[in-house]
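S.K.: My questions all concern the structure below.
Number of protein chains: 2
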Amino acid sequence: MRTYRLALIGFGNVGQGLATILRDQGQMIADKHGAEYRIVAVNTGRHGSIYNPEGFDPGMLLAAYEETQRIDTVPAPNIGWDVPQVIYESNADVIVELTSSDLLSGEPAAGYIRAALRQDRHVVTTNKGPIALFYPELSAAAAERGVMLGVEGTVMGGTPLLRVGRELLTTAGISRVQGILNGTTNYILTRMADGESYKSALKEAQEKGYAEANPIADVDGYDAAVKLVILSNLLLGVPLQMSNVEREGIRDLSSKDIVRAQKVGEVWKMVGWVERTPEMVRASVKPIRLPAAHPLASVNGATNAVTFVTKLLGDVTIVGPGAGRVETGYAVLSDLLEINRRMI
Amino acid sequence: MRTYRLALIGFGNVGQGLATILRDQGQMIADKHGAEYRIVAVNTGRHGSIYNPEGFDPGMLLAAYEETQRIDTVPAPNIGWDVPQVIYESNADVIVELTSSDLLSGEPAAGYIRAALRQDRHVVTTNKGPIALFYPELSAAAAERGVMLGVEGTVMGGTPLLRVGRELLTTAGISRVQGILNGTTNYILTRMADGESYKSALKEAQEKGYAEANPIADVDGYDAAVKLVILSNLLLGVPLQMSNVEREGIRDLSSKDIVRAQKVGEVWKMVGWVERTPEMVRASVKPIRLPAAHPLASVNGATNAVTFVTKLLGDVTIVGPGAGRVETGYAVLSDLLEINRRMI
């Protein structure tokens with residue numbers, strides 16, 4: 007049995023999802039993969055920080071956090087360590103970077119990731135900002151230190167989109183990636199098609215935890231655009247900047263527009279694509295009308311769908327959850343299992 | 007650069023697809039994976055057999071076969087070897103078993119695969135019969151000899167369905183697999199929805215090379231049922247027999263049935279599923295009516311689609327080509343690349 011010690015930087019949806027999986031499936035994972043994942047540190051901005059080199063019981067972390075909204079109500083030999091201290095002084099093998107995403111600077115996550123890699127720690131992150139902005143630099147740094155940088159959860163949550171593209175379809179020759187990349191806007195458009203107004207659909211999305219209190223990143227297309235940048239970097243091998251992505255949000259879409267489309271058997275979907283031609287790479291995300299029989303037209307609610315356009319296989323599409331607590335926790339787990347595979 | 011010598015048993019659609027890929031993409035594959043795949047033997051039932059320990063130019067094989075419908079018009083030091091001779095006496099590292107599928111006995115393929123594994127050859131097959139009938143025995147034999155048995159092409163052609171299920175989703179807890187597993191029947195039902203009769207749709211499917219001259223395996227559901235048996239074995243870990251699959255074909259479906267469904271916004275699809283419960287495993291394939299907004303309703307033509315129902319991720323669906331010359335050749339290539347990955 008190999009043991010991996012994890013430091014969680016952040017304990018929001020994803021961190022709690024991972025802890026839930028380790029609580030409920032830890033034994034199955036150990037039996038199946040011969041790997042034990044032990045949370046030794048949890049570091050949050052405003053909810054406390056704890057470190058125990060022996061590890062915590064994930065069920066206890068979840069119970070304490072649910073009851074007290076703090077993590078430092080769990081008994082621990084070390085309380086109040088900041089992130090640099092965890093990175094430099096803890097015994098963690100893997101830094102699981104789950105801070106909230108800043109799409110403009112990528113900070114503070116990018117700094118944490120750089121420091122962790124320099125300390126020869128594996129890093130797993132679900133943070134889009136640093137990966138969209140600095141992937142070539144960060145992946146080179148990881149390769150240089152012989153550690154892994156896991157990024158599966160940055161696009162489409164736990165649905166193994168990036169792994170399918172990079173490991174299973176790369177030799178088929180991917181020329182274009184397109185799809186529904188943002189669950190919040192897809193949920194809003196789905197509810198508007200059911201007759202809701204934009205405002206009440208947005209409110210619903212916020213109540214269900216899909217949309218942030220400040221929904222700009224979703225409804226104005228920044229979140230989808232940043233995912234296109236990541237897809238371009240990782241699957242097409244072309245560096246792309248946010249500013250190169252043509253971007254249009256869904257805010258100007260009215261119920262009238264929705265009804266007008268429905269009358270001719272069409273639906274509005276927020277579709278993003280990135281395409282490599284011999285000369286250049288182009289990318290766009292905006293709401294478009296699709297015929298009801300289009301494969302993306304039936305992708306509803308918070309579900310995401312991505313089509314790889316390939317030379318040898320034609321179109322291959324993967325549809326699955328784009329968000330969710332346990333679902334995104336699974337993305338982190340799949341990177342942790344990959345670290346184990348490479349270490350064997 | 008590692009070199010793998012391949013013996014192709016069969017040179018129909020899949021063999022020619024693989025040769026096409028090696029002709030056109032061989033250099034790219036070598037650059038990307040550090041592996042060279044060299045066809046040293048091609049063995050066919052009625053179109054000749056050739057062996058050259060140094061390997062053949064894949065373009066020359068394709069050109070000769072297209073021109074003469076024989077393979078032994080290619081200059082070769084050894085002509086007329088039978089399959090046992092290739093397995094026992096050639097220098098092939100990998101036996102690529104592509105004979106036509108016998109769903110009842112699995113022969114002669116099963117015998118070839120057993121012999122090849124005993125000779126410590128890797129085996130890649132796209133042959134459903136032996137895998138549905140003997141997978142536990144054959145995979146144990148491969149493991150015992152330290153060689154690989156690649157079966158990606160047995161279900162859904164080159165779409166990497168089995169690999170996604172076995173490598174990327176197994177830890178998510180797959181409880182059910184369902185979808186459109188047969189391209190021929192889906193093509194026929196799609197054309198019938200366009201207004202064609204069953205007979206003329208079947209004729210079209212035969213002209214396009216989807217359906218065999220004898221279409222029973224497709225239209226009566228045997229092909230889909232055997233794929234469910236393979237999915238049960240490989241993804242649910244439950245051995246299942248063909249006789250355990252509830253099976254109903256599409257022959258009794260009339261144009262009237264199609265129109266009647268369309269009038270209420272529904273479509274007929276041939277849907278197969280296999281499900282594991284704590285007590286048992288159940289499987290079924292038959293034509294059913296789906297609402298037009300159902301994700302499988304927009305899967306048209308020869309395209310296949312499979313949904314994994316999982317504990318941690320909910321539903322994850324993969325849609326892609328279920329057949330095709332180059333597409334299924336890609337399935338063989340993906341197994342060959344996997345052999346290379348494991349050898350590194």
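The listed protein sequences correspond, in order, to chains A and B.
Going by the working numbering, the first sequence opens with residue 7, and the numbers climb by one from there.
Going by the working numbering, the second sequence opens with residue 7, and the numbers climb by one from there.
Cβ atoms here follow ideal geometry from the backbone N, Cα and C, with glycine treated the same way.
Between the region 12-24 of chain B and the region 178-189 of chain A, are three or more C-beta pairs nearer than 8 Å?
M.R.: Counting Cβ pairs under 8 Å, fewer than three are found: no touch.
S.K.: Nearest to ILE93(A) by CA position, among GLN22(A), VAL48(A), ASN346(A), is which residue?
M.R.: Considering only alpha carbons, the answer is VAL48(A).
S.K.: What is the rounded straight-line gap between the Cα of GLU72(B) and the Cα of ASN306(B)?
M.R.: Taking the straight line from one Cα to the other gives about 31 Å.
S.K.: For ALA149(B) and chain A, any beta-carbon pair shorter than 8 Å?
M.R.: Not one chain A Cβ lies under 8 Å of ALA149(B).
S.K.: So with Cβ pairs under 8 Å, would you call GLU333(B) a contact of chain A?
M.R.: Yes, its Cβ sits closer than 8 Å to a Cβ of chain A.
S.K.: Is ILE256(B) helix, strand or coil by DSSP?
M.R.: Coil.
S.K.: Just to confirm, are GLY32(B) and MET7(B) a CB contact at a threshold of 8 Å?
M.R.: Contact: no.
S.K.: How many Å lie between VAL225(A) and GLU333(A) at the Cα?
M.R.: The alpha-carbon atoms of VAL225(A) and GLU333(A) are separated by roughly 22 Å.
S.K.: Judging by CA-CA distance, which residue of LYS292(A), ARG288(A), GLU281(A), LYS205(A) is the nearest neighbour of ASP229(A)?
M.R.: If we check each option's Cα against that of ASP229(A), LYS292(A) comes out closest.
S.K.: Going straight from the alpha carbon of ILE324(A) to that of ILE85(B), what length do you get?
M.R.: Roughly 45 Å separates the two Cα atoms.
S.K.: Is the closest heavy atom of the ligand FMN to the C-beta of PRO327(A) under 7 Å?
M.R.: Among the components modelled here there is no ligand, and therefore nothing to report on the ligand FMN.
S.K.: Quick one: Cα of SER304(A) to Cα of PRO327(B), how far?
M.R.: C-alpha separation (whole angstroms): 19 Å.
S.K.: What residue range is occupied by the uninterrupted beta strand (DSSP E) comprising THR177(A)?
M.R.: Note, THR177(A): premise wrong, no beta strand (DSSP E); not H, not E.
S.K.: Check whether chain A comes within 8 Å of THR177(B), counting only Cβ atoms and requiring the distance to be less than that.
M.R.: Interface residue, yes.
S.K.: Using the Cα positions of THR74(B) and ILE56(B), report the straight-line distance between them to the nearest angstrom.
M.R.: Straight-line Cα distance between these residues: approximately 15 Å.
S.K.: According to DSSP, what are the bridge partners of ASP321(A)?
M.R.: Paired residues: VAL315(A).
S.K.: Look up GLY185(B) in the DSSP assignment and give the residues it is bridged to.
M.R.: Answer is GLY278(B), VAL312(B).
S.K.: Quick one: what's LEU296(A) bridged to in DSSP?
M.R.: The partner list for LEU296(A) (beta bridge, DSSP) reads VAL273(A).
S.K.: Which whole runs of the alpha helix (DSSP H) in the region 203-248 of chain A are 4 residues long or more, in chain order?
M.R.: Listed in chain order, the complete alpha helix (DSSP H) runs (minimum 4 residues) inside the region 203-248 of chain A are 204-213, 222-225, 228-237.
S.K.: Using the C-alpha atoms, what's the distance from THR196(B) back to LEU259(B)?
M.R.: One C-alpha to the other measures close to 13 Å.
S.K.: Could you tell me the distance, in whole angstroms, from the CA atom of VAL100(A) to the CA atom of PHE62(A)?
M.R.: In a straight line, the C-alpha of VAL100(A) is about 15 Å away from that of PHE62(A).
S.K.: Count the other CB atoms within 10 Å of the CB of LEU168(B); is the residue buried (16 or more) or exposed (fewer)?
M.R.: Looking at its Cβ environment, which holds 16 or more other Cβ atoms inside 10 Å, LEU168(B) is buried.
S.K.: Just the Cα atoms here: how many angstroms apart are SER145(B) and LEU139(B)?
M.R.: C-alpha separation (whole angstroms): 12 Å.
S.K.: Taking buried to mean at least 16 other C-beta atoms within 10 Å of its own C-beta, is ASN192(B) buried or exposed?
M.R.: By the neighbour-count rule (16 or more Cβ atoms within 10 Å), ASN192(B) is buried.
S.K.: Run the CB neighbour count on LEU339(A), radius 10 Å, all protein chains shown included, and call it buried at 16 or more, exposed below.
M.R.: It is buried - the Cβ of LEU339(A) has at least 16 other Cβ atoms within 10 Å.
S.K.: Determine which residues of the region 102-131 of chain B have a Cβ less than 9 Å from any Cβ of chain A, and write them out in chain order.
M.R.: Those would be none; no residue qualifies.
S.K.: Between which two residues does the beta strand (DSSP E) holding ASN97(A) run?
M.R.: ASN97(A) -> no beta strand (DSSP E), and no H or E assigned at all.
S.K.: Among GLY215(A), THR132(A), GLY171(A), ARG282(A), which residue has its Cα nearest to the Cα of GLY16(A)?
M.R.: That would be THR132(A), whose Cα lies nearest to the Cα of GLY16(A).
S.K.: When Cβ atoms are compared, which residues of the region 205-230 of chain A fall closer than 9 Å to chain B?
M.R.: Within the region 205-230 of chain A, no residue has a Cβ that lies closer than 9 Å to any Cβ of chain B.
S.K.: How would you call MET349(A), buried or exposed, if buried means at least 16 neighbouring beta carbons within 10 angstroms?
M.R.: MET349(A) comes out exposed.
S.K.: For GLY159(B), does the three-state DSSP call read helix, strand or coil?
M.R.: Looking at GLY159(B) - three-state DSSP - the assignment turns out to be helix.
S.K.: Going along chain A in order, which residues have a C-beta closer than 9 Å to the C-beta of LYS262(B)?
M.R.: Neighbours of LYS262(B) on chain A: none; closest Cβ ~22 Å, over 9 Å.
S.K.: Locate the beta strand (DSSP E) running through HIS128(A), then write down its first and last residues.
M.R.: Looking at the DSSP string, the run of the beta strand (DSSP E) that includes HIS128(A) is 128-131.
S.K.: What residues match up with THR9(A) in a beta bridge as DSSP calls it?
M.R.: Paired residues: GLU42(A).
S.K.: Quick one: what does DSSP say ASN84(B) is sitting in, helix, strand or coil?
M.R.: In the structure shown, ASN84(B) sits in a strand (DSSP, three-state: E or B).
S.K.: Is it buried or exposed, ALA178(B), if we count other Cβ atoms within 10 angstroms and call 16 or more buried?
M.R.: Under this definition ALA178(B) is a buried residue.
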